[in-house]
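Those protein sequence lines, which keep their order, are chains A and B.
99 is the number that the UniProt record's numbering gives to position 99 of the first sequence; each next residue is one higher, with no gaps.
88 is the number that the UniProt record's numbering gives to position 88 of the second sequence; each next residue is one higher, with no gaps.
Everything on this sheet refers to the single structure shown next.
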Amino acid sequence: MTDTPVATPPEPGDTWDPASHSTIKGPSLGTVEANSEAIRALATWLKTSLTDPEGLFVRSKAWLTTGGDTGYPGRSLRYDLYASRSGDPNSMAGPDTVPVGVLVGYPPFLSSAQNLKKAVDTQLGALYLKFVEDPTKTDMSSGNLFAMVTRIVDQLNAVAADYDRGDEAIENDLGALANDIQSQLQTMLGTKGTNGGGG
Amino acid sequence: MGYDGNYVPDPDANRPDQTLTVDSASATAGAGFSISVICGAPPRTGVMHDTAETPGTGQGIDGYSWNQAMTAMFGGCGDGSFGPPRHGTWADPLSMETAHFAILTIKQMLHSYANDVDGAKKQILENHWSGPAATAFGQVLDAFTTYVKDLADLMAYPPPTSSLLRIAHMNEAFCQAATFIWQCSLTRAFNDNGAHDRNTPVNISKDLTYTGTMVGAGRAMLKAYDSELKKLYEGSA
Numbered sequence: 001m002t003d004t005p006v007a008t009p010p011e012p013g014d015t016w017d018p019a020s021h022s023t024i025k026g027p028s029l030g031t032v033e034a035n036s037e038a039i040r041a042l043a044t045w046l047k048t049s050l051t052d053p054e055g056l057f058v059r060s061k062a063w064l065t066t067g068g069d070t071g072y073p074g075r076s077l078r079y080d081l082y083a084s085r086s087g088d089p090n091s092m093a094g095p096d097t098v099p100v101g102v103l104v105g106y107p108p109f110l111s112s113a114q115n116l117k118k119a120v121d122t123q124l125g126a127l128y129l130k131f132v133e134d135p136t137k138t139d140m141s142s143g144n145l146f147a148m149v150t151r152i153v154d155q156l157n158a159v160a161a162d163y164d165r166g167d168e169a170i171e172n173d174l175g176a177l178a179n180d181i182q183s184q185l186q187t188m189l190g191t192k193g194t195n196g197g198g199g
Numbered sequence: 001m002g003y004d005g006n007y008v009p010d011p012d013a014n015r016p017d018q019t020l021t022v023d024s025a026s027a028t029a030g031a032g033f034s035i036s037v038i039c040g041a042p043p044r045t046g047v048m049h050d051t052a053e054t055p056g057t058g059q060g061i062d063g064y065s066w067n068q069a070m071t072a073m074f075g076g077c078g079d080g081s082f083g084p085p086r087h088g089t090w091a092d093p094l095s096m097e098t099a100h101f102a103i104l105t106i107k108q109m110l111h112s113y114a115n116d117v118d119g120a121k122k123q124i125l126e127n128h129w130s131g132p133a134a135t136a137f138g139q140v141l142d143a144f145t146t147y148v149k150d151l152a153d154l155m156a157y158p159p160p161t162s163s164l165l166r167i168a169h170m171n172e173a174f175c176q177a178a179t180f181i182w183q184c185s186l187t188r189a190f191n192d193n194g195a196h197d198r199n200t201p202v203n204i205s206k207d208l209t210y211t212g213t214m215v216g217a218g219r220a221m222l223k224a225y226d227s228e229l230k231k232l233y234e235g236s237a
């Protein structure tokens, strides 16, 4: 008998530890004399987080597109190509362009593979669209995280400026913001069961 | 028989069994996949070339030819010429692996982000600020951090019994095993013209157990793969 053992050691990407690669530099409020300064510092941190190479937005987009500076040595997922082709992550770019792991070129052969690919693509494609700055999505109702943070930054800066003018001015600044976020939250939770996520 | 009618012994008749052991190991518990394959000599009694027809209806995977089973797992042209995963219509285990770690890492980053905002909010509110304005401020940030955390938790992954990483390793191990079976099934008789005998005896052990023929081995691997895929996103095994 001829024995041909093939041992495939874990690739570098297989040993990735998400816990040690997901640290984000938090806001440094320090010891502040006035809350207005602390609120402004938080607003500044939130604004910086949108473009910081080490921040949530840039790193998440990198994971979902080219791999960028994530340090992860695996394959690019290129959900930017999905989104730019269709504007809708539910509309697949097609395995001919961007395969994401599981073949769907022959759906009659294995529907479970097609279902898996669709579930993963839908989930990660939708997530990608949460992180990108989209000129057409500037209000809360879009659910776009970039737009949401941008609006909160504006309101927190207004709160900081009005901090010494009393409660009424600040309440006006915050206005319907909390309600808008809550509303978006309810919308998201209401569609939770239909996003293709597994579990 | 040779061209001149003289007896030509079958060159595969006394070929010893061939064995391949594939260990697609993972650093993540339960995600690796190991398989051991023993192939006997092709008996030259089975189908040598699959047709390009679609799978037989009503039989499920049991109606798949070798080529169809391979195409369902690895992609390509459906002509049996599968091999290491490639671009285009080929399955890409490495991208499954990336998707696996992208989900886990982004989930954690979203939670870290929400926790950072929450910590800043508490620090500000505990710095001698109370009243309606402080309450409104807290409500805005609470709603926001809840949104971010729920966004992370929408990616309900991985389920307890499988993962994209497991699928990737399974695909990788099956691909190597199938390539080996394909090579072992090649008959060397001069007039067989590159035929691969689907009746070639195959024994599979370790993470998948099967004894039978080449075509049956292809179906067994596909059934196991299909079962794992369903476990992951369809909630059933």
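Backbone N, C-alpha and C fix where the C-beta goes; we use that ideal spot for every residue, glycine too.
Are the CB atoms of histidine 21 of chain A and glycine 71 of chain A within a distance shorter than 8 Å? yes
Along chain B, which residues have their Cβ under 9 Å away from the Cβ of proline 9 of chain A? Asp23, Ala25
Looking at C-beta atoms only, is the number of pairs between the region 189 to 198 of chain B and the region 25 to 37 of chain B that lie closer than 8 Å three or more? no
Whole angstroms is fine: what's the gap from tryptophan 45 of chain A's alpha carbon to threonine 65 of chain A's? 24 Å
Taking phenylalanine 144 of chain B as the reference, give the member of A:Gln155, A:Leu77, A:Asp134 with the closest Cα. A:Gln155
Given a threshold of 16 other Cβ atoms within 10 Å of its Cβ, counted over all protein chains shown, does asparagine 193 of chain B qualify as buried or as exposed? exposed
Those residues which DSSP pairs with phenylalanine 33 of chain B across a bridge: B:Ser24
Excluding sequence positions up to five away, which residues of its chain have a Cβ less than 6 Å from the Cβ of tyrosine 210 of chain B? Ile204, Ala217, Ala220
Under 7 Å from the C-beta of glutamate 171 of chain A: neighbouring residues of chain B: Pro132, Ala133, Ala136
I'd like to check one pair, leucine 177 of chain A with valine 140 of chain B: are the Cβ atoms closer than 8 Å? yes
Tell me which residues share the same chain as asparagine 199 of chain B and place their Cβ nearer than 6 Å to its Cβ, disregarding the 5 neighbours each side in the sequence. Pro43, Thr45, Gly46, Thr213
Going by DSSP, what residue range makes up the alpha helix (DSSP H) through valine 202 of chain B? Valine 202 of chain B -> not in any alpha helix (DSSP H); beta strand (DSSP E) instead, spanning 201 to 206.
So within the region 128 to 161 of chain A, which uninterrupted beta strand (DSSP E) runs reach at least 3 residues, ignoring any that extend past its ends? none
Tell me whether threonine 105 of chain B is buried or exposed, calling it buried when 16 or more other Cβ atoms sit within 10 Å of its Cβ. buried
Same chain, Cβ closer than 8 Å to leucine 110 of chain B, five either side skipped, listed in chain order: Val148, Lys149, Leu151, Ala152
Is the distance from the Cβ of proline 5 of chain A to the Cβ of threonine 21 of chain B below 8 Å? yes
Burial state of glutamate 97 of chain B, where buried means 16 or more other Cβ atoms lie within 10 Å: buried
Kindly list, in the order they appear in chain A, the residues whose Cβ is closer than 7 Å to that of glutamate 126 of chain B. By Cβ distance, chain A contributes nothing, its closest Cβ being about 10 Å from glutamate 126 of chain B, past 7 Å.
Is DSSP giving threonine 57 of chain B helix, strand or coil here? coil
Considering only the alpha carbon of each residue, which of B:Asp118, B:Gln18, B:Ser26 lies closest to alanine 41 of chain B? B:Gln18
CA nearest to the CA of histidine 100 of chain B, picked from A:Thr15, A:Thr8, A:Gln186, A:Thr187: A:Thr15
Is glutamine 123 of chain A buried or exposed, if buried means 16 or more other CB atoms sit within 10 Å of its CB? buried
At 7 Å on the CB atoms, spell out the chain A contacts of aspartate 116 of chain B, in chain order. Ile24, Gly26, Pro27
What residues of chain A sit near threonine 211 of chain B, judged by a beta carbon separation below 8 Å? Simply none; closest approach about 16 Å.
Boundaries (first-last residue) of the alpha helix (DSSP H) holding tyrosine 113 of chain B: 93 to 125
Excluding sequence positions up to five away, which residues of its chain have a Cβ less than 6 Å from the Cβ of isoleucine 170 of chain A? Val159, Asp162
Alpha-carbon to alpha-carbon, tyrosine 64 of chain B and serine 95 of chain B: 27 Å
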